[in-house]
Structures are given as C-alpha cells and as structure tokens.
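Reading through the structure tokens given below for one structure.
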Amino acid sequence: MRLNKIAKALPFVLGLSIFAGCEERDDISDRNRLYRLEDRFTALEELCNTINNNSKNIKKLLQEQAKRVNISNVYKMQDGYVISFTDGEFVELHHGKDGKDGILTDSTGTSFVPVIGVKIAEDSLHYWTLNGEWLLDENGKMVLAEGKKGDKGDQGEQGEQGEGGGIVPLMKIENGYWMVSYDQGKTWEIIGQATGKDGKDGKDGICPQLKIENGVWYISYDNGVTWEAIGSAVGQDGKTPSLKIEDGKLMISWDQGVTWEMVEGGDVFGELSKPGTGVAEGHKWINLGLPSGNLWASCNVGANSPSEWGKYYAWGDTITKSEYSSTNCMTFGKTVEQLAMQGYTNRGGVLNPTYDVAQHYWGGYWKIPTREDFQELINECSWTWTNVGGVEGYEIKSKQEGNTNSIFLPAAGSKDQYDIRNQGTTGWYWASVAFSSNDYLSWNLTFNKDEGIQTTPLSRRSGFTIRAIYVEP
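The following block contains the structure:
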C-alpha cells in the first residue's frame with residue numbers, strides 16, 4: 001500500500017521538479033534580457049553625454065574663434081581631438097561610440113543617432129544642425145549657435161539674453177525617445193525614437209575633422225564635405241612651422257627643418273603630448289609629465305574638490321559601508337588564485353573592472369593605480385606636506401622641466417569597524433593589486449607627515465580612499 005502511494009506521488013513530484021526547472025530557466029532568460037536592457041540604456045546614456053558635451057565644446061570653439069585667437073596646437077586622441085589656443089583655453093571634441101544593434105532606432109526600426117553639428121547660413125552666422133539638416137525650434141526657426149554682435153557700450157549690470165542669442169541644445173532620452181531642449185531643460189520636444197526593434201549599427205557621433213592648408217587650420221563639421229577656417233597655423237614671421245617627434249619630445253622648426261627646438265612642455269605620451277589638464281568622463285585629470293603617461297585625477301573618488309576626503313572602500317568592494325570588518329569584505333582571506341577564479345582579479349592579482357571602484361563609477365579609461373603607478377608618483381614627483389582649505393596632506397608636483405602641474409592628496413585617514421581614524425595625519429590609498437604572500441592583504445599607498453611615504457600591504461577589510469588615474473591604451 002505504501003509503495004502504491006509513493007508511486008502515485010512520483011508524477012506529482014517530478015512535475016514539480018520539471019516546473020521548477022522551467023521556472024529557473026525562465027528566470028535566467030529574464031535576467032539575461034534585463035542585462036541586455038541595462039547595457040542598451042548604459043550605451044544610450046553614454047552617447048547622450050557625449051552629444052551634450054560636444055555641443056557645449058563646439059559652442060566654446062565658436063567663442064574662441066570669435067575672439068580671433070590662434071590655435072597653438074591640436075592633440076589627436078584615440079576618441080577625438082584636444083584643440084588648444086594661444087589664450088590658454090582648450091576644447092575637447094570626442095567621437096561617439098558606434099550605436100549597437102537595436103539601441104538606436106526610429107519608428108521604422110532603422111538606426112537613428114542624433115548627430116549635432118553647426119553650419120554657416122546666408123547671414124554668415126553659425127546655426128545648429130541635426131543629422132546635417134538645420135535644427136529648428138518649436139516655431140520652425142533655425143537655432144543660432146553664436147550670439148549676434150552688437151555695439152559696445154558702457155559696462156553695466158548684465159542684462160537678459162537677447163532674442164536669437166547663441167544657445168546650446170541639450171539632449172536626453174525619456175520613455176524611449178530622443179528629446180531636445182533649446183531653453184536649458186525647461187521644455188523638451190521629441191526628435192526621434194531611441195529604442196525599438198533591432199536595427200543596423202548606428203553611425204559615429206560627431207567629431208569635427210581638422211586639417212592645415214596654406215598655413216591655416218580648417219575644421220569640418222560634416223565629415224569633410226565642407227571646410228571652414230578657424231585660425232592661423234602660421235608663425236609670427238609668416239612662415240608655417242614644421243613639427244616632429246624626436247626622443248619622445250615634440251620639436252618645432254621655423255626654417256623648413258634646418259634647425260629644431262623643443263616645444264615647451266613637449267614631452268610626448270601616446271601620439272602627441274597632452275595639455276596640462278583635461279576632462280574625461282566628467283572628471284578632471286592632471287598631466288604631471290610622468291614617463292608612463294599616466295594622468296592623475298584632481299580629486300578622490302566621491303569628492304568634488306581636491307581637499308575633500310571622498311568615499312572609503314574596502315579592497316575589491318564598490319559600495320561604502322557603515323561597518324568595515326573581515327566578515328563583510330568579500331575578498332578577505334582569498335588567495336590570489338581564488339580571487340582570479342571568482343572573477344575579482346586577473347591572474348596577476350589586479351582587480352578586474354567590475355571590482356575596480358574608479359572604473360565602476362567613472363568608466364572610460366579610469367582605474368585604480370597599481371603599486372608601480374604609486375611608486376612612479378613617489379619617484380618622479382616632489383612631495384610637500386601642506387594645508388589646502390584647512391585640510392592637511394601632500395602636494396605632489398611634477399619634476400618635469402617647464403611643467404608646473406601638481407595634485408593634492410588629503411590625509412583622509414581610514415575607516416575601521418565603525419570609526420574614522422587618523423584623519424588629518426595619515427593617508428591610505430588603495431592600489432589595485434593583491435599581496436601574493438598573504439591572503440588578507442593588498443597593496444596601498446601610505447603616507448604620514450612624520451613617517452614618510454611608501455607602498456605597503458595592509459588588511460583588505462579596511463576602508464581606504466581612492467585616487468584614480470586615466471590611462472589610454
């Protein structure tokens with residue numbers, strides 16, 4: 001009798017198992033779809049930021065052009081250009097990433113990427129364009145990209161912006177549609193669909209092309225169809241300088257290559273030397289002229305200024321916590337082999353991007369420095385204990401001739417258990433590398449006014465600050 005009952009129950013049990021298995025597969029499928037959606041929205045968000053940043057920088061480029069200043073140099077980057085001017089200003093212009101299948105479509109399911117540019121109209125003024133056509137406001141009028149010139153009067157209080165003054169259109173994505181605003185985000189109108197059926201790859205975002213012709217810099221906003229002069233590339237004596245790279249230095253000749261001299265601050269990293277400062281993914285970097293070409297962030301992760309402490313993280317964690325202990329540190333007690341097998345690091349013990357706080361929050365080519373990166377900073381720069389805005393720490397200054405750049409590392413202390421310790425006297429900054437001889441330690445930069453500066457392994461459970469570096473491949 002008991003066997004019969006068991007036999008009768010078996011189909012029901014098996015049915016539950018099959019149902020549970022289907023449910024698990026459905027759950028995995030749902031999660032995969034969710035991950036794909038997250039990837040799409042992340043790509044859309046990055047593209048939207050690139051478009052808005054380029055629009056602002058094109059506006060700045062027009063302002064520099066209106067001031068009649070010359071271009072002092074053009075630096076080619078992997079994803080665009082940095083244009084520097086003789087008045088010390090510079091403009092960054094970046095390529096947008098290719099649109100992925102299905103993330104940028106119009107109502108028919110084909111790819112749609114809003115490409116913002118400028119063109120000169122019949123009145124000799126610059127107006128904004130959208131995908132090569134004039135960008136029109138809600139009244140059907142072209143949108144001016146530069147302010148109209150007026151008579152110069154006595155200086156007084158700043159008045160309201162005149163009708164038709166140059167504005168910068170803002171882009172955003174809402175409810176699956178690309179939207180544009182002409183009034184700094186007060187009102188928005190739909191210009192196209194951002195999500196829909198899988199479509200073809202989207203085209204690159206705008207990045208103007210540059211060339212020199214007859215001693216003049218020219219720029220094209222339409223992939224080389226039309227060109228516009230933006231500044232002189234000619235020296236004071238009327239000659240066009242020649243440039244070359246020699247032994248890692250940017251050299252210039254004013255006599256057609258007979259004699260050469262080094263451009264001030266002209267150490268070359270990558271394709272050409274970088275300007276002294278710049279912005280990547282919304283975060284400022286400082287060029288200290290290091291042999292590696294590393295560009296150091298101006299402030300800590302989670303801070304808004306160089307003198308702010310920023311946020312504290314256990315090694316390999318990407319979240320802040322109320323308590324920092326061995327029980328809630330995911331990497332504590334794991335060997336280098338275990339860290340690599342579980343995806344925290346590569347085989348060399350260096351944190352993978354998912355667990356690298358700088359990469360996780362800032363993206364792009366930002367990352368936590370390695371021990372070698374910190375060692376280079378110690379060896380190649382001068383360190384002076386100072387006070388910035390009431391905060392104690394080290395000013396780290398370039399030793400490169402002609403390079404006056406510096407960064408400030410605040411003595412932010414650490415978080416241990418529930419407490420903040422040694423704030424104002426000691427700085428601990430995580431490196432991205434695990435200490436191979438002990439399963440509980442990882443490398444970090446440690447400094448103290450009285451005890452000096454060094455790289456040393458410390459407990460992974462401790463909450464230390466992060467100073468990121470920007471490293472282009």
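This note's numbering numbers the first residue of the sequence shown as 1 and each following residue consecutively. Every residue, glycine too, gets a C-beta built ideally from N, C-alpha and C.
Under the rule that 16 or more other beta-carbon atoms within 10 Å means buried, what is residue i, buried or exposed?
i, result
"Gly-282", "exposed"
"Asp-39", "Note that Asp-39 scores a pLDDT of 49, beneath 50, so its modelled location is shaky and nothing firm can be said."
"Gly-196", "Note that Gly-196 scores a pLDDT of 47, beneath 50, so its modelled location is shaky and nothing firm can be said."
"Ile-190", "exposed"
"Asp-123", "exposed"
"Asn-294", "buried"
"Trp-385", "exposed"
"Gly-349", "buried"
"Asn-287", "buried"
"Thr-259", "exposed"
"Val-225", "exposed"
"Gly-343", "exposed"
"Gly-140", "exposed"
"Gly-165", "Reliability fails at Gly-165, whose pLDDT of 47 lies under 50, so the model's placement of it is uncertain and no value is given."
"Ala-297", "buried"
"Met-179", "buried"
"Asn-346", "exposed"
"Ala-280", "buried"
"Asp-183", "exposed"
Comparing alpha-carbon positions, which option in the options lies nearest residue i?
i, options, result
"Gly-310", "Asn-294, Asn-448, Lys-415, Asn-352", "Lys-415"
"Phe-408", "Val-258, Trp-383, Tyr-440", "Trp-383"
"Leu-351", "Ala-412, Thr-226, Asp-317", "Asp-317"
"Ser-437", "Thr-456, Asn-139, Glu-133", "Thr-456"
"Thr-425", "Asp-450, Glu-401, Tyr-440", "Asp-450"
"Val-388", "Glu-133, Val-225, Arg-347, Ser-305", "Ser-305"
"Gln-400", "Met-142, Pro-410, Leu-290", "Leu-290"
"Glu-228", "Thr-320, Lys-119, Cys-299, Glu-472", "Lys-119"
"Ala-358", "Phe-447, Ala-121, Val-471", "Val-471"
"Arg-467", "Thr-226, Ala-412, Gly-343, Ile-319", "Ala-412"
"Ile-453", "Leu-377, Leu-125, Asn-405, Ser-181", "Leu-377"
"Ile-319", "Ser-307, Asp-439, His-360", "His-360"
"Cys-329", "Trp-134, Leu-170, Leu-445, Asp-439", "Asp-439"
"Ala-170", "Thr-129, Gly-140, Asn-139", "Per the sequence shown, residue 170 should be read as Leu rather than Ala. Nearest of Thr-129, Gly-140, Asn-139 to Leu-170, Cα basis: Thr-129."
"Leu-125", "Gly-140, Trp-134, Leu-144, Leu-136", "Leu-144"
"Leu-441", "Glu-133, Glu-308, Trp-188, Ala-314", "Ala-314"
"Pro-473", "Gly-364, Pro-410, Phe-447", "Gly-364"
"Cys-299", "Asn-444, Gly-427, Trp-285", "Trp-285"
"Ala-303", "Pro-410, Thr-354, Met-179, Val-180", "Pro-410"
"Thr-446", "Ser-398, Gln-375, Ala-121", "Gln-375"
"Val-390", "Leu-136, Ser-307, Asp-183", "It is worth fixing the name first, because residue 390 is Gly in this sequence and not Val. Closest by alpha carbon: Ser-307."
"Ser-476", "Asn-448, Cys-381, Lys-172, Ala-340", "As displayed, the chain neither begins before 1 nor continues past 473, which places residue 476 out of reach and without an answer."
"Trp-443", "Pro-353, Lys-186, Asp-373, Asn-379", "Asp-373"
"Phe-435", "Leu-339, Asn-448, Trp-362", "Leu-339"
Among all the DSSP beta bridges, which residues are the ones paired with residue i?
i, result
"Phe-447", "Gly-427, Ile-453"
"Phe-464", "Tyr-313"
"Ile-420", "Lys-415"
"Lys-172", "Met-179"
"Trp-134", "Thr-129"
"Lys-321", "In the DSSP output, where bridge partners are listed per residue, Lys-321 has none listed."
"Tyr-470", "Leu-295, Trp-366"
"Met-142", "Leu-136"
"Ile-190", "Met-179"
"Thr-345", "Leu-351"
"Tyr-441", "A small fix is needed here, since residue 441 is Leu in this sequence, not Tyr. Paired residue(s): Ser-459."
"Val-433", "Val-350"
Tell me where the alpha helix (DSSP H) around residue i begins and ends.
i, result
"Trp-362", "357-362"
"Glu-337", "336-341"
May I ask you to check if the CB of residue i is nearer than 8 Å to at least one heavy atom of the ligand NAD?
i, result
"Ser-459", "Questions concerning the ligand NAD fall outside what the structure shown contains, since it holds no ligand whatsoever."
Let's see if you can read the secondary structure: which residues bound the beta strand (DSSP E) around residue i?
i, result
"Asn-287", "283-287"
"Asn-387", "381-388"
"Ala-297", "295-297"
"Tyr-394", "391-398"
"Pro-410", "406-410"
"Val-279", "277-280"
Original post:
Just checking, does the segment 330-341 make contact with the segment 392-400 on the three C-beta pairs under 8 Å criterion?
Top reply: no
Original post:
Should the segment 416-434 be called in touch with the segment 275-282, which here means at least 3 C-beta pairs below 8 Å?
Top reply: no
Subject >> the segment 454-464 touching the segment 305-324, judged by at least three CB pairs closer than 8 Å >> reply: yes
Original post:
Should the segment 365-375 be regarded as contacting the segment 424-433, the criterion being three or more beta carbon pairs within less than 8 Å?
Top reply: yes
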